[in-house]
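Following: one structure in structure tokens, then a few remarks.
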Amino acid sequence: MAPSQALDYGDPLTYTVRLLYPDDRTSVLYDPVPTYTIYISGSLSAPAGVAYTRPPTPSVAR
């Protein structure tokens, strides 16, 4: 990414991830959200048959 294209702190970042396979199979994509990133509810979309499971919220050690 060229410096003129760099994002500033707080700028939204939109990207598309596409998994393509020649046959039917179960696939898993792990795309961790960086610390201090906000997920916007309803912003995730996928074609029919694709499921999204939100990872569990990490517990805080006491």
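Counting in the numbering used here, the sequence shown runs from 3 upward without gaps. The C-beta atom is built at its ideal place from N, Cα and C for all residues, glycine as well. If you're wondering where the values come from, they're calculated on a predicted model, not measured in any experiment.
How many angstroms separate the CA atom of residue i from the CA atom of residue j?
| i | j | result |
| --- | --- | --- |
| Y11 | Y38 | 11 Å |
| T16 | S29 | 22 Å |
| R27 | A50 | 15 Å |
| D2 | D25 | Any answer about residue 2 is impossible in this case: the structure gives the chain only from 3 up to 64. |
| Y23 | Q7 | 32 Å |
| G44 | T18 | 15 Å |
| A53 | P36 | 21 Å |
So, under 8 Å CB-CB, residue i and residue j are touching, yes? Tell me the CB distance rounded to an integer number of Å.
| i | j | result |
| --- | --- | --- |
| L21 | L9 | About 25 Å; that fails the 8 Å criterion. |
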